[in-house]
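Participant: Pasting a structure here, questions to come.
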Amino acid sequence: MVDSHVQNEGNGWAGSGANPWHLDADTESYAFLANLGDKPARIGFKVWANGQIYYLDSLQLVPHETRMIDLRKLRDAQEADFKKDTIAAEATDGSVLWLGLDNVPVMGRLAVVTRHGGLASSYDCCTCQCAAQYSGTEIEPVTACPIAVTNTDQETAEMYMAPPCGGSGYYYDITSQVSWGSSNTGIFTVSNSGLLTGVGGGSALANANDGPYECGNWAGNGGYCNCTYYTNASGSGPCSVQTPTSLKVLKHPTISMTYIGSPCDDTSSYYGIDIAVLYQVLDQNGQPMNNSNMEPQEEVLNVVDNGQSEDNTTPNWADVGPTEYPGTSQFTNSSGQFYDAPFGTCSTAPVVFTQTQKIGILLSGAVFPVRTKNWTTSSSSGGHGSINNGTGGDISNTR
Amino acid sequence: MRPYLQMLLLPFFAVLIMPTAEAGEVQDSYSLQLVRTCIKERSMGLYTATAAKHLPRLGDKVGIAIVKIYTSSDIMEPKTVRLFLPVIQMAFQDPRLISDEEDRKPAVTVLLLNYLRGNISDGALKKEISKVEEQVLQMTAKSPPS
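Chains as they are written, first to last, in my numbering: chain A, 523 to 921; chain B, 2 to 147.
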């Protein structure tokens, strides 16, 4: 094993590092970081590989702690960082970059070790004398933004720390160190821990204020670093809340009612027609909602068969799926789409059948009505008929 | 006869889900409207997609609904029985679709069918009842866990 110089504060090299790493069947790579001070040392740390950056955003060493980071384990864990990125599983080469975020002496090195006594190497190349300086705070959703009304998403606050000597910076997680708030609680609220909850449709800002007191500018002076001003880390990030508001018809094939275990698909002796409709749930702006946790519901009212009124079949909201028709489900798919299957009739005599169908979307116990349509089927000859959803309707079919 | 039937079925009502309707909303816990409508449609030779969609969710609730819909004398009428037997079949046609797991066991419905078979004199109808009972038991026996 061969490794490079051990660097230290004040020599023009210490407090940061940029080191190549390599992994193969005979080679391992380990990064060593040591806090030489008497105060905790936060460290910005990132790994470059295959054109992708992977951040460790909560690395902190207690006084006089040395931490070893096994690059193979870090790569193979495939645990996403706050930007949802990982180190490419197939990556065999890359760079490790690190930078002290506090005015605490930190040293580090990266050792590349070959099992059979081959060459190993490590080097430092940077000349940052001082610790990183605060350059802003980013607010990031853990899973997704926009979110559906009544749904939640955890926000993270990431402080961006830049090297005083230039170059790209590092992120450090301060989610638990800030005061959270919302610019419009009618759109979403944000809890003390950064949990965002959708209240109504629209866009607002998640605010993270009063974070850690950070140096905004370091000035080096003969091996010493002086901070010219300090500031509290604070930031804002937008998020939108989507409310289910309407449905778009994507397709509507006619189907046969064989699923009810009757001869309704025998078009020679039965009258009637039926249909399945693939819907897309849209928000208040007519944009698709890509949520898989929405439960389509329906109410069926004003049922009239050949002029004779029937009891309302489902006067309270009831699940539209699953049914035996392929594709139907209790929930929307990941694109916010669902099948409602079917509407129709199957009769031993000619029939004109009408009903009013209301469709709603159930989210966390609340139903949001999205569609009210009057449906009509009319069959005057065996096995045939037409189906539509009233004047100006977006569905019509005949067979 | 009806008090006897209700007494027989009483223990099974205990497992029903409690109503969750909000104030002012009519809660049809036993799906009486749905079953009533389906039976009426059957009497007119009509199948509707709505019935086909919602009946298979009921499972054993269909037996309770039928007991509640009919009087003790009506429920024994052969014409009436022939109308609701297909509705019972549809309620159990695919046990995976039954909303409440407890309703995948046809306890109340089988009790009802047994009761009808034992108290109806029409031989042909007895066979029809036995056939439906057998189908219900077969369907629920082979139902995979959800």
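Cβ coordinates follow ideal geometry from the N, Cα and C atoms, glycine included. These numbers come from a predicted model, not from an experiment.
Determine the DSSP secondary structure at Q699 of chain A, reduced to helix, strand or coil.
Facilitator: Numbered from 1 along the first sequence, position 177 holds the residue referred to as residue 699 of chain A. Helix at Q699 of chain A.
Participant: Do the CB positions of P57 of chain B and E846 of chain A come within less than 9 Å of each other?
Facilitator: Locating residue 57 of chain B in the second sequence gives position 56, counting from the first residue. Locating residue 846 of chain A in the first sequence gives position 324, counting from the first residue. Contact flag set, yes.
Participant: Against chain B, does T608 of chain A count as a neighbour if the rule is that its beta carbon must be under 9 Å from one of theirs?
Facilitator: To locate residue 608 of chain A, count along the first sequence from 1; it is residue 86. Cβ-Cβ to chain B under 9 Å: no for T608 of chain A.
Participant: Can you confirm whether P891 of chain A, when its beta carbon is compared against all beta carbons of chain B, has any partner nearer than 9 Å?
Facilitator: Looking up residue 891 of chain A in the first sequence gives position 369. Not an interface residue.
Participant: Please report how far the alpha carbon of E134 of chain B lies from the alpha carbon of P848 of chain A, in whole angstroms.
Facilitator: Taking the second sequence and counting its residues from 1, the one referred to as residue 134 of chain B is at position 133. Taking the first sequence and counting its residues from 1, the one referred to as residue 848 of chain A is at position 326. If you take the alpha carbons of E134 of chain B and P848 of chain A, they lie about 28 Å apart.
Participant: Within its chain, find whatever has a CB closer than 7 Å to the CB of P663 of chain A; leave out the 5 residues flanking it on each side and keep chain order.
Facilitator: As a first step, residue 663 of chain A is located in the first sequence; it is residue number 141 there, counting from the start. Hits under 7 Å: D675, E677 and C761.
Participant: Which residues in the same chain have their Cβ closer than 8 Å to the Cβ of T711 of chain A, if we skip the five residues on either side of it in sequence?
Facilitator: Working through the first sequence from its first residue, we reach residue 711 of chain A at position 189. If we look at T711 of chain A and ignore the five residues flanking it on each side, its Cβ neighbours are S704, L718, T719 and V721.
Participant: Taking 6 Å as the limit between beta carbons, can you name the residues of its chain near I575 of chain A, skipping five residues before and five after?
Facilitator: One-based indexing of the first sequence puts residue 575 of chain A at position 53. The residues are K568.
Participant: Give me the chain B residues within the contact set of G866 of chain A, using Cβ-Cβ distance strictly less than 7 Å, ordered along the chain.
Facilitator: Taking the first residue of the first sequence as 1, we reach residue 866 of chain A at position 344. Per Cβ cutoff of 7 Å: A50.
Participant: Within 10 Å of its beta-carbon, does G882 of chain A have 16 or more other beta-carbons around it, so buried, or fewer, so exposed?
Facilitator: Indexing the first sequence from 1 puts residue 882 of chain A at position 360. G882 of chain A is buried by the Cβ-count criterion.
Participant: Taking the straight line between their C-alpha atoms, what separation do you get for P844 of chain A and I797 of chain A?
Facilitator: The count along the first sequence starts at 1 and reaches residue 844 of chain A at position 322. The count along the first sequence starts at 1 and reaches residue 797 of chain A at position 275. In a straight line, the C-alpha of P844 of chain A is about 15 Å away from that of I797 of chain A.
Participant: What residues of chain B sit near P473 of chain A, judged by a beta carbon separation below 7 Å?
Facilitator: Residue 473 of chain A lies beyond the residue range present for chain A, which begins at 523 and ends at 921; the question has no answer from this structure.
Participant: Where do the N-terminal and C-terminal ends of the beta strand (DSSP E) with N813 of chain A fall, by residue?
Facilitator: What you label residue 813 of chain A is simply residue 291 of the first sequence in a count that begins at 1. Segment: none, N813 of chain A is in no beta strand (DSSP E) and carries neither H nor E.
Participant: Check this for me: beta carbons of M681 of chain A and A755 of chain A, under 9 Å apart or not?
Facilitator: Counting from one through the first sequence, the residue named residue 681 of chain A turns up at place 159. Counting from one through the first sequence, the residue named residue 755 of chain A turns up at place 233. The answer is yes: Cβ separation under 9 Å.
Participant: Apart from the five residues just before and just after Y652 of chain A, which ones in its own chain have a Cβ nearer than 6 Å to its Cβ?
Facilitator: Translated into the one-based positions of the first sequence, residue 652 of chain A becomes position 130. Note that residue 652 of chain A corresponds to Cys in the displayed sequence, not to Tyr. Cβ neighbours of C652 of chain A beyond the five flanking positions: P686, W740, G742 and C747.
Participant: For E103 of chain B, would you say it is in contact with chain A, using Cβ-to-Cβ distances shorter than 9 Å as the test?
Facilitator: On the second sequence, position 102 is the one that residue 103 of chain B refers to. Chain A contact via Cβ: absent.
Participant: Counting only the same chain and skipping the five closest in sequence on each side, list residues whose C-beta sits under 6 Å from that of L619 of chain A.
Facilitator: Here residue 619 of chain A refers to the residue found at position 97 when the first sequence is read from its first residue. Closer than 6 Å at the Cβ level, and outside the excluded window around L619 of chain A, lie A540 and K568.
Participant: Please determine if the stretch 807 to 821 of chain A and the stretch 26 to 38 of chain B are in contact, where contact requires at least 3 C-beta pairs separated by less than 8 Å.
Facilitator: No, the stretch 807 to 821 of chain A does not touch the stretch 26 to 38 of chain B.
Participant: Would you check if the distance between the CB atom of A679 of chain A and the CB atom of G630 of chain A is smaller than 9 Å?
Facilitator: Position 157 of the first sequence holds residue 679 of chain A. Position 108 of the first sequence holds residue 630 of chain A. Not in contact: A679 of chain A and G630 of chain A (Cβ atoms no closer than 9 Å).
Participant: Any C-beta of chain A sitting closer than 9 Å to the C-beta of Q94 of chain B?
Facilitator: Walking along the second sequence from the start, residue 94 of chain B turns up at place 93. Output row for Q94 of chain B: interface = yes.
Participant: Taking 8 Å as the limit between beta carbons, can you name the residues of its chain near P734 of chain A, skipping five residues before and five after?
Facilitator: Residue mapping note: residue 734 of chain A aligns to position 212 of the first sequence, counting from 1. Result list for P734 of chain A: M681, I696, Q699, N754 and A755, in chain order.
Participant: Counting only beta-carbon separations shorter than 9 Å, does G46 of chain B have a partner in chain A?
Facilitator: Stepping through the second sequence from its first residue, residue 46 of chain B is reached at position 45. Yes, G46 of chain B counts as interfacial toward chain A.
Participant: Roughly how many angstroms separate the alpha carbons of N714 of chain A and K561 of chain A, rounded to a whole number?
Facilitator: Along the first sequence, one-based indexing puts residue 714 of chain A at 192. Along the first sequence, one-based indexing puts residue 561 of chain A at 39. C-alpha separation (whole angstroms): 28 Å.
Participant: Distance cutoff 9 Å, beta carbons only. Does R97 of chain B sit that close to anything in chain A?
Facilitator: In the second sequence, the residue the question calls residue 97 of chain B occupies position 96. Yes, because at least one Cβ of chain A sits closer than 9 Å to the Cβ of R97 of chain B.
Participant: Could you name the residues of the same chain whose beta carbon sits closer than 7 Å to that of F853 of chain A, not counting the 5 residues immediately before and after it, in chain order?
Facilitator: Walking along the first sequence from the start, residue 853 of chain A turns up at place 331. Answer for F853 of chain A: S814, N815, M816 and E817, listed in chain order.
Participant: Would L138 of chain B and V109 of chain B be called neighbours here (beta carbons separated by less than 9 Å)?
Facilitator: The residue labelled residue 138 of chain B in the question sits at position 137 within the second sequence. The residue labelled residue 109 of chain B in the question sits at position 108 within the second sequence. Cβ distance not < 9 Å, so L138 of chain B and V109 of chain B don't count as in contact.
Participant: Return the Cβ separation of T636 of chain A and T549 of chain A in integer angstroms, given the expectation that the two are a contact with Cβ distance under 8 Å.
Facilitator: Translated into positions along the first sequence, residue 636 of chain A becomes position 114. Translated into positions along the first sequence, residue 549 of chain A becomes position 27. T636 of chain A to T549 of chain A, Cβ: 5 Å. Contact.
Participant: Output needed for T870 of chain A: all residues of its chain with C-beta closer than 7 Å, excluding positions within five of it in sequence on either side, in chain order.
Facilitator: As a working note, residue 870 of chain A is residue 348 in the first sequence. For T870 of chain A, where only same-chain residues beyond five positions count, the Cβ hits under 7 Å are Y792.
Participant: So, does the stretch 761 to 770 of chain A touch the stretch 659 to 673 of chain A, judging by three or more C-beta pairs under 8 Å?
Facilitator: The answer is yes - the stretch 659 to 673 of chain A touches the stretch 761 to 770 of chain A, with three or more Cβ pairs under 8 Å.
Participant: Let me know the beta strand (DSSP E) ranges lying completely inside the stretch 860 to 904 of chain A, each 3 residues or longer, listed in chain order.
Facilitator: Here the runs fully enclosed are 873 to 885 and 888 to 901.
Participant: So that I know if they touch, is there some Cβ in chain B lying closer than 9 Å to that of N855 of chain A?
Facilitator: As a position in the first sequence, residue 855 of chain A is number 333, starting the count at 1. Output row for N855 of chain A: interface = no.
Participant: Which residues in the same chain have their Cβ closer than 7 Å to the Cβ of T49 of chain B, if we skip the five residues on either side of it in sequence?
Facilitator: On the second sequence, position 48 is the one that residue 49 of chain B refers to. Excluding residues within five positions, the ones whose Cβ falls inside 7 Å are E42.
Participant: Taking only runs of the alpha helix (DSSP H) that begin and end inside the stretch 550 to 594 of chain A, which ones reach a length of at least 4 residues, in chain order?
Facilitator: With a minimum length of 4 residues, no continuous alpha helix (DSSP H) run stays inside the stretch 550 to 594 of chain A.
Participant: Check whether the Cβ of P107 of chain B lies closer than 9 Å to any Cβ atom in chain A.
Facilitator: Indexing the second sequence from 1 puts residue 107 of chain B at position 106. False, the Cβ-Cβ gap to chain A never drops below 9 Å.
Participant: Starting from the C-beta of P542 of chain A, find all residues in its chain whose C-beta is less than 6 Å away, skip the five residues before and the five after it, and write them out in chain order.
Facilitator: By 1-based counting over the first sequence, the position of residue 542 of chain A is 20. Around P542 of chain A: S617.
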